[in-house]
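Written out below as structure tokens is the structure these notes cover.
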Amino acid sequence: MIPYSFRYHHASSLADAESRLRDAPEAKLLAGGQTLVAAMKMRLAQPSELIDISGLAQLSFIRTDSANLTIGAAVTHAEVAASEAVKKAIPALAALAETIGDPAVRNMGTLGGSLANNDPAADYPAAALALGATIRTQRRAISAEDFFTGMFSTALEDGEIVTEVAFPVPQAAGYAKFPNPASRYALAGVFVARTASGARVAATGAASCVFRIAEMEAALDRSFSADALSAIAVDAAELNADIHASAEYRAQLVTVMAKRAVAAAQ
Amino acid sequence: MAAVSLTVNGKPVSAESEDRTLLVYFLREQLGLTGTHVGCDTSQCGACVVHLDGRAVKSCSLFAAQAAGREVVTIEGLAGNGELHPVQEAFREFHGLQCGFCTPGMIMTAVDMIRRKPELDRATIRAELEGNICRCTGYQNIVSAIESAAKKMKGGAA
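Chains A and B are the protein sequences, given in the same order. All residue numbers for the first sequence refer to this note's numbering, where the first residue is 8 and numbers rise by one. All residue numbers for the second sequence refer to this note's numbering, where the first residue is 7 and numbers rise by one.
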């Protein structure tokens with residue numbers, strides 16, 4: 008499959024990418040391209056120009072301090088999965104990265120790309136929301152709470168570039184997903200974090216956008232155990248129904264995945 | 007159109023191509039390296055896997071321009087000095103193929119897998135083959151070939 012014609016530009020710096028974006032409103036940023044290139048081949052996307060930011064050193068780092076694990080936007084899923092720093096600070100995040108796509112996709116796909124795309128079945132949004140991450144751009148810091156605004160939409164403005172993501176280090180965290188047997192995208196995935204200010208639970212794959220589950224958080228605050236969630240179900244009326252699964256089935260999966268995530272939390 | 011220059015199988019190459027040229031077509035049509043296959047063309051099947059700076063990637067899902075200045079290794083670049091790579095040798099020994107269409111991608115994936123995880127058990131090999139599809143359903147022998155190659159390479163036979 009051959010995409011529409013476009014111009015390719017390898018950004019030499021963040022400032023270069025910014026100015027190209029300003030000059031070409033129909034341009035798109037290219038990071039790993041594991042969603043964008045497929046969409047372009049299907050001719051569902053038609054950027055005038057691709058501005059490749061994948062090689063930028065400014066976006067390729069993993070850093071920890073006492074409170075946060077901060078990961079550059081261009082860090083690949085494979086790098087997150089293999090990082091000793093990530094495994095030490097938030098092992099659930101490294102484990103999550105290891106379940107995205109397949110090894111070849113993980114060698115290209117990036118954290119920033121996944122968050123900016125906000126696919127309703129992507130894994131990283133669940134971690135960002137449950138951990139209370141802060142998404143930084145070249146202009147400002149956006150809390151995960153405000154960042155994910157709907158299906159494939161985010162709070163990012165025109166010309167705004169995700170540069171890094173700061174994940175507060177939790178006391179414990181776990182992620183469990185039920186992949187579609189064919190596509191391997193999450194039919195439902197739940198990330199659970201136990202933090203000093205309380206438990207946080209976020210679900211992906213089940214609805215049009217990642218969402219938190221307040222009732223489960225309250226139950227985990229009373230008792231951080233899988234059993235505490237047994238009687239809690241999300242409202243199926245809010246969930247996706249398609250050829251892969253009914254809304255009721257997804258509701259059931261959310262509870263089961265939440266329990267597994269709590270059981271796996273470390 | 008622009009000239010894309012990169013290193014393929016250890017040799018510098020340069021060819022004029024449209025910016026929208028996918029790496030797999032650049033390799034096959036511009037360089038004549040037809041060992042890298044186009045199977046599904048949607049990033050599912052892994053027949054197009056090559057190495058970009060030593061890491062397995064799906065060459066149907068990146069543009070040749072993204073590989074400019076970088077190092078690509080294809081199935082044609084694995085054997086050296088008339089000797090098959092240990093993974094190729096193991097696929098032959100264990101008959102890790104039926105029709106052979108998926109084999110180049112399977113082998114390139116296996117080489118990257120063994121690099122990252124020298125301690126491979128069969129369950130890990132199967133999980134790591136997530137992105138490679140064999141429609142002859144020949145997985146059993148593919149797994150055996152990778153398992154054997156990993157052991158041999160660890161033992162220094164590589």
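Idealized CB from N, CA, C, for every residue including glycine.
My guess is that residue i and residue j are in contact by the Cβ rule of under 8 Å, so how many angstroms apart are they, rounded?
i: glycine 139/A; j: lysine 184/A; result: That belief does not hold up - the Cβ atoms of glycine 139/A and lysine 184/A are roughly 20 Å apart, past 8 Å.
i: leucine 66/A; j: threonine 170/A; result: 6 Å
i: glycine 116/A; j: isoleucine 107/A; result: 6 Å
i: cysteine 66/B; j: valine 14/B; result: With a Cβ gap of about 17 Å, cysteine 66/B and valine 14/B do not count as contacting.
i: alanine 123/A; j: threonine 77/A; result: Rounded, the Cβ-Cβ distance is 17 Å, inconsistent with contact.
i: phenylalanine 97/B; j: alanine 151/B; result: 5 Å
i: arginine 219/A; j: arginine 229/A; result: Not confirmed; about 17 Å, so no contact.
Answer with buried or exposed for residue i, where buried requires no fewer than 16 other C-beta atoms within 10 angstroms of its C-beta.
i: alanine 164/B; result: Here the model assigns alanine 164/B a pLDDT of 46, short of 50, so the residue's position is not dependable, and the following value carries that caveat. Exposed: under 16 other Cβ atoms inside 10 Å.
i: leucine 51/A; result: exposed
i: glutamate 33/A; result: exposed
i: histidine 84/A; result: buried
i: glycine 157/A; result: exposed
i: tyrosine 192/A; result: buried
i: histidine 17/B; result: Before going on, a small fix: residue 17/B reads as lysine here, not histidine. Classification of lysine 17/B: exposed, given that the 10 Å Cβ count is below 16.
i: histidine 57/B; result: buried
i: aspartate 126/A; result: buried
i: aspartate 249/A; result: exposed
i: glycine 60/B; result: exposed
i: threonine 48/B; result: exposed
i: glutamine 50/B; result: buried
Comparing alpha-carbon positions, which option in the options lies nearest residue i?
i: alanine 24/A; options: Met49/A, Phe13/A, Leu51/A, Ile58/A; result: Ile58/A
i: aspartate 165/A; options: Ala173/A, Ala225/A, Arg146/A; result: Arg146/A
i: threonine 109/B; options: Thr143/B, Ala156/B, Ala8/B; result: Thr143/B
i: isoleucine 97/A; options: Gly79/A, Ser232/A, Arg201/A, Arg229/A; result: Arg201/A
i: leucine 3/A; options: Ala31/A, Gly79/A, Leu260/A, Ile250/A; result: In the structure displayed, chain A extends from 8 to 273; residue 3/A sits before or after that span and is not available.
i: proline 54/A; options: His16/A, Ile69/A, Val261/A, Ser26/A; result: His16/A
i: alanine 195/A; options: Ser237/A, Ile168/A, Asp130/A, Glu86/A; result: Asp130/A
i: valine 93/A; options: Tyr256/A, Arg219/A, Ala151/A, Ala180/A; result: Ala180/A
i: leucine 136/A; options: Ala209/A, Val172/A, Val197/A, Val87/A; result: Ala209/A
i: asparagine 187/A; options: Ser230/A, His251/A, Met264/A, Val176/A; result: His251/A
i: glutamate 77/B; options: Ser150/B, Ala8/B, Leu12/B, Met7/B; result: Leu12/B
i: aspartate 127/B; options: Phe97/B, Ser154/B, Leu28/B, Gln72/B; result: Ser154/B
i: alanine 71/B; options: Ala18/A, Ala271/A, Asn75/A; result: Ala18/A
i: serine 190/A; options: Asp109/A, Glu167/A, Val241/A, Ile239/A; result: Asp109/A
Give the straight-line distance between the Cα atoms of residue i and residue j, rounded to the nearest whole angstrom.
i: proline 92/B; j: methionine 159/B; result: 7 Å
i: serine 232/A; j: alanine 38/A; result: 38 Å
i: tyrosine 182/A; j: leucine 21/A; result: 32 Å
i: leucine 118/A; j: valine 82/A; result: 6 Å
i: lysine 157/B; j: proline 124/B; result: 8 Å
i: glutamate 91/A; j: arginine 70/A; result: 11 Å
i: threonine 42/B; j: arginine 14/A; result: 26 Å
i: glutamate 99/B; j: arginine 143/A; result: 52 Å
i: valine 44/B; j: glutamate 35/B; result: 12 Å
i: serine 150/A; j: alanine 235/A; result: 28 Å
i: serine 23/B; j: valine 172/A; result: 36 Å
i: alanine 265/A; j: valine 199/A; result: 7 Å
i: alanine 129/B; j: glycine 106/B; result: 23 Å
i: alanine 133/A; j: glycine 86/B; result: 46 Å
i: valine 261/A; j: glutamate 224/A; result: 13 Å
i: valine 10/B; j: glycine 75/B; result: 8 Å
Complete runs of the alpha helix (DSSP H) confined to the stretch 111 to 161 of chain A [at least 4 residues]: 118 to 124, 131 to 138, 151 to 154
Contained beta strand (DSSP E) runs [length at least 3] in the stretch 46 to 81 of chain B, N- to C-terminal order: 55 to 58, 61 to 64, 77 to 79
Runs of alpha helix (DSSP H) lying entirely within the stretch 65 to 110 of chain A, each at least 4 residues, in chain order: 84 to 89, 91 to 96, 98 to 104
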